[in-house]
Amino acid sequence: MSDTTEISTPGTAEPVANPKQSVRRVLGVILSLAVYAAAILLSLGVYHNIRLNPRTEDAQVRANVIGVSPQVGGSIIAIHVKDNQQVHKGDLLFELDARPYEAQAEEAKAKLALTELEIQAYKDQIAAAEAELKQSQAKATYAVDYAKRVQALVGNLYVTVDKNQLAQTEAITSTDKVAQDQAALEKARNLLGEKGDINVRRSAAEATLRDAELKLSYCKVYAPCDGYVVNLQITPGAYAAIGEQVFSVVDQKIWYVLANFRETDLRNIRPGMEVEVYLLAESNRKIKGVVQGVPKAITPQFAPTQNASGGQGILQNVSPTLDFILLAQRFPVRIILDAPEEHSFRMGGTAAVIVRTGSDVQAGLKRVGELQKGDAPEFRAPLGSAKNLPLAPAP
Amino acid sequence: MNVWIIFPLLLVLLTMTGCDPQINIAGAYFPAWLLSGLVALAAFWILHLIFLRTKMIPFFVPIPLFYAALYIALTCGCWLLFFAAR
Numbered sequence: 369m370s371d372t373t374e375i376s377t378p379g380t381a382e383p384v385a386n387p388k389q390s391v392r393r394v395l396g397v398i399l400s401l402a403v404y405a406a407a408i409l410l411s412l413g414v415y416h417n418i419r420l421n422p423r424t425e426d427a428q429v430r431a432n433v434i435g436v437s438p439q440v441g442g443s444i445i446a447i448h449v450k451d452n453q454q455v456h457k458g459d460l461l462f463e464l465d466a467r468p469y470e471a472q473a474e475e476a477k478a479k480l481a482l483t484e485l486e487i488q489a490y491k492d493q494i495a496a497a498e499a500e501l502k503q504s505q506a507k508a509t510y511a512v513d514y515a516k517r518v519q520a521l522v523g524n525l526y527v528t529v530d531k532n533q534l535a536q537t538e539a540i541t542s543t544d545k546v547a548q549d550q551a552a553l554e555k556a557r558n559l560l561g562e563k564g565d566i567n568v569r570r571s572a573a574e575a576t577l578r579d580a581e582l583k584l585s586y587c588k589v590y591a592p593c594d595g596y597v598v599n600l601q602i603t604p605g606a607y608a609a610i611g612e613q614v615f616s617v618v619d620q621k622i623w624y625v626l627a628n629f630r631e632t633d634l635r636n637i638r639p640g641m642e643v644e645v646y647l648l649a650e651s652n653r654k655i656k657g658v659v660q661g662v663p664k665a666i667t668p669q670f671a672p673t674q675n676a677s678g679g680q681g682i683l684q685n686v687s688p689t690l691d692f693i694l695l696a697q698r699f700p701v702r703i704i705l706d707a708p709e710e711h712s713f714r715m716g717g718t719a720a721v722i723v724r725t726g727s728d729v730q731a732g733l734k735r736v737g738e739l740q741k742g743d744a745p746e747f748r749a750p751l752g753s754a755k756n757l758p759l760a761p762a763p
Numbered sequence: 072m073n074v075w076i077i078f079p080l081l082l083v084l085l086t087m088t089g090c091d092p093q094i095n096i097a098g099a100y101f102p103a104w105l106l107s108g109l110v111a112l113a114a115f116w117i118l119h120l121i122f123l124r125t126k127m128i129p130f131f132v133p134i135p136l137f138y139a140a141l142y143i144a145l146t147c148g149c150w151l152l153f154f155a156a157r
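Right, dumping it as C-alpha cells:
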C-alpha cells in the first residue's frame, strides 16, 4: 500500500479510483462542518453560562466584629476568657478595678441618705413655718379688730391719739407679718422641692446613685453576642481606657462574603439571587448563599474631586488622558452565607462565588430576611448595686 | 504513551473537584479555564493521533481552521462539562 503518498496528495493521484478515499473525503467535510458548528455552539454555551451565572474568585469571607471596650476607665484585674475562645452573649469577659466606682456609689448612696434627712428637715421647717403663720394670723386678726375698736373710740376722746396710732401700726405690722410668714412658708415648701408627687431633691440624688451604680456595673464587661474572642493580647494589670478596644469578638450568627464583581457583571445581579460559594478552606464543597445587596458606591479612582477638602477651589481638576485600556471597577457584592452553623467559617478566608441569576429572587429575599432577623436586643449588663456597700441604710 | 495515563488522571481529578472554580494541584490554584484548556489539549492530542492513524487529516477543510475550531470546541466542551453552573 502506498498510503503515505495518498495522504500527501489527496484526490490527485487516483481521483475517484479508491472508494475508501471518497468516503474519507465526504467524512472529512462532514467532520469539519460538525467541528465548526460545535466550536460555535459550545463557545456560545460558555458565554451564555458565564453571562447567566457571573462568577468571581476575588471574594472574602466576612463577619461582624465587635471591638470590646469598657465604658469606664480602670486597670484590668481579671480576664475570664482566652484568645480564640467561644463565648456566649452575656458571658463575663473581664473585670476592671471597681474600687473607685464603689467609692463613688457609696458617696452617692450617702448623699441620698443625706438628702432624705434634708427632706425631713425641710418638712419640719414647713411645719414650723405653718405654725408661725397661724400664730401671726391670730395675732393679726386680734390687732386689726383692736385697731377698729380703738378707732371708734377716738372721737369720744376715750383713748388718746397716740394709743390709736399704736393700735393702727400694730394692725399693719401684724398683717404684714402674715404676708411675711406666708412667703416664708412658700419658701420652705419650695426648698422641700416637691413637684406634684415627686420630690426633685430625692430624684436628683437617686439619679446620681443610679449613675454611680451604672458605672460600677461597667467594671464588669460582658460578651455582647455569641461568638469568638480574637486578638486578645493583654493581661491583667493593663489599663483600659474608656472606649478603647481591648480585644474583639467575632459575631458567629451571621457570616457573609464580599465578592468583588466587575461592574459589567453587576447589571445581572439582584438581591435575593442564589449564590454558590466555594471556600479555599473547604474546597469542592458547595456552600449556599444569597445576594443581600449590591453597593451603590465605591471610592472613585479617576478625576478625584478636589474642592472643599482638597483646597483647590470649588472646581474639579480633571487631567486629560490617553487611556484606551479601561479597567473595569469592582464592586463588593454582599452575599449572606446560609447555614453558618454547619460550617467553620473564618473571617478573611478566600472564596470563589457563582451567582445564579436564574434563581427565585423572592425566595432568596425571604431567606435573607430569615438569616438577618432574630437580632436579640443588645445585652445589658446587670446594674451594679450599692446595696452591699458598708453604709447604714437610709432612714 | 504518557497521554494515556495523564488524560484519565486529569479526568478523575476534574470529577473530584465538582464545580469548584479553583482547582488545587499541589498547592497551586488553577482557574477552571486553564485546566479546561489543558484537558482539551490532551483530548486534542489523542484525536490528532486517531486522525493520523485513520489518514483523515488531508480531508479536513481547511486543516488549520479545523484544528483551531476543534481545540476551541474541546476547551469549551470541557468547561461546560465540568465547570459550568447548572
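Line order of the protein sequences matches chains Z and U.
Sequence positions in the first sequence follow my numbering and run 369 to 763.
Sequence positions in the second sequence follow my numbering and run 72 to 157.
Don't be surprised by glycine CBs; every beta carbon is placed ideally from N, CA and C.
Can you give me the start and stop residues for the beta strand (DSSP E) that Z/TYR590 sits inside?
-> 588–590
Roughly how many angstroms lie between the CA atoms of Z/LYS502 and Z/ARG517, to the nearest whole one?
-> 23 angstroms
Out of Z/ALA476, Z/THR725, Z/ALA407 and Z/THR541, state which residue places its alpha-carbon closest to the alpha-carbon of Z/GLU644.
-> Z/THR725
Would you tell me roughly how many angstroms separate the C-alpha atoms of Z/PRO378 and Z/GLY396, rounded to the nearest one?
-> For Z/PRO378, the predicted model reports a pLDDT of 48, less than 50, meaning its position is unreliable and no value from the coordinates is stated.
Spatial neighbours of Z/GLU500 in its chain, beta-carbon cut-off 6 angstroms, leaving aside the 5 residues before and after | ASP549
Which class does Z/ARG635 belong to by DSSP, given the choice of helix, strand or coil?
-> coil
Give the C-beta separation of Z/VAL429 and Z/VAL614 to the nearest angstrom, bearing in mind that I take them to be a contact with Cβ-Cβ under 8 angstroms.
-> Incorrect: roughly 25 angstroms between the Cβ atoms, too far for contact.
Sequence ranges, beta strand (DSSP E) only - wholly within the segment 438–505 of chain Z, length at least 3 = 442–447 and 460–464
Z/TYR596 beta carbon near the ligand FAD (any heavy atom closer than 7 angstroms) = In the structure shown, the ligand FAD is absent, as is every other ligand, since no ligand is present at all.
Between which two residues does the beta strand (DSSP E) carrying Z/ASN628 extend?
-> 615–630
When the Cα of Z/LEU351 is compared with those of U/ARG157, U/PHE153, U/ILE143 and U/ILE128, which residue comes out closest?
-> Within the shown structure, residues of chain Z are numbered from 369 to 763, placing residue 351 of chain Z beyond reach of any answer.
Straight-line CA distance for Z/VAL729 to U/ASP91?
-> 23 angstroms
Is Z/THR541 helix, strand or coil by DSSP?
-> helix
Going by other Cβ atoms of all chains shown within 10 Å of its Cβ, with 16 needed for buried, is Z/SER585 buried or exposed?
-> buried
Give, in chain order, every residue of the segment 452–466 of chain Z whose Cβ lies closer than 7 angstroms to some Cβ of chain U.
-> none
Would you verify that the beta carbon of U/ASP91 is, or is not, closer than 8 angstroms to some beta carbon of chain Z?
-> yes
Who are the near neighbours of Z/ILE666 in its chain, counting only those whose CB is closer than 7 angstroms to its CB and skipping five residues on each side?
-> GLN697 and PHE699
The segment 551–562 of chain Z in contact with the segment 483–491 of chain Z per 3-pair CB rule at 8 angstroms | yes
Which residues bound the alpha helix (DSSP H) around Z/GLU574?
-> 568–585
Measure the C-alpha to C-alpha separation of Z/ALA446 and Z/ASP619 and round it to an integer number of angstroms.
-> 23 angstroms
Hey, quick one: how far does the alpha helix (DSSP H) through U/ALA103 stretch, first residue to last?
-> 103–124
Determine the direct distance from the alpha carbon of Z/LEU739 to that of Z/ILE610, and round the result to whole angstroms.
-> 33 angstroms
Does the separation of the CB atoms of Z/LEU634 and Z/VAL658 fall below 8 angstroms?
-> no
Which bits of chain Z does U/PHE130 rub up against, with CB to CB less than 9 angstroms?
-> PRO378, GLY379, GLN389, ARG392, ARG393, VAL394, LEU395, GLY396, VAL397, LEU399 and SER400
How many angstroms separate the CA atom of Z/TYR526 from the CA atom of Z/ALA535?
-> 14 angstroms
Note down, in chain order, every chain Z residue with its Cβ under 7 angstroms from the Cβ of U/ALA144.
-> VAL403, ALA406, ALA407 and LEU410
CB contact flag (U/LEU151, U/PHE115, <8 angstroms) | no
Alpha-carbon to alpha-carbon, Z/SER542 and Z/ASN532 = 15 angstroms
Buried/exposed call for U/ARG157, threshold 16 Cβ in 10 Å = exposed
From what residue to what residue does the beta strand (DSSP E) around Z/ILE704 run?
-> 698–705
Who are the Cβ neighbours of Z/ALA606 in its own chain at under 6 angstroms, not counting the five residues just before and after it?
-> ILE444
Name the DSSP beta bridge partners of Z/VAL429, please?
-> Z/VAL625
Flag this pair as yes or no: are the beta carbons of U/ASN95 and Z/SER651 separated by less than 8 angstroms?
-> yes
Beta carbon of Z/LEU480, beta carbon of Z/LEU582: below 8 angstroms?
-> no
Is the number of C-beta pairs between the segment 446–463 of chain Z and the segment 566–576 of chain Z that are closer than 8 angstroms three or more?
-> no
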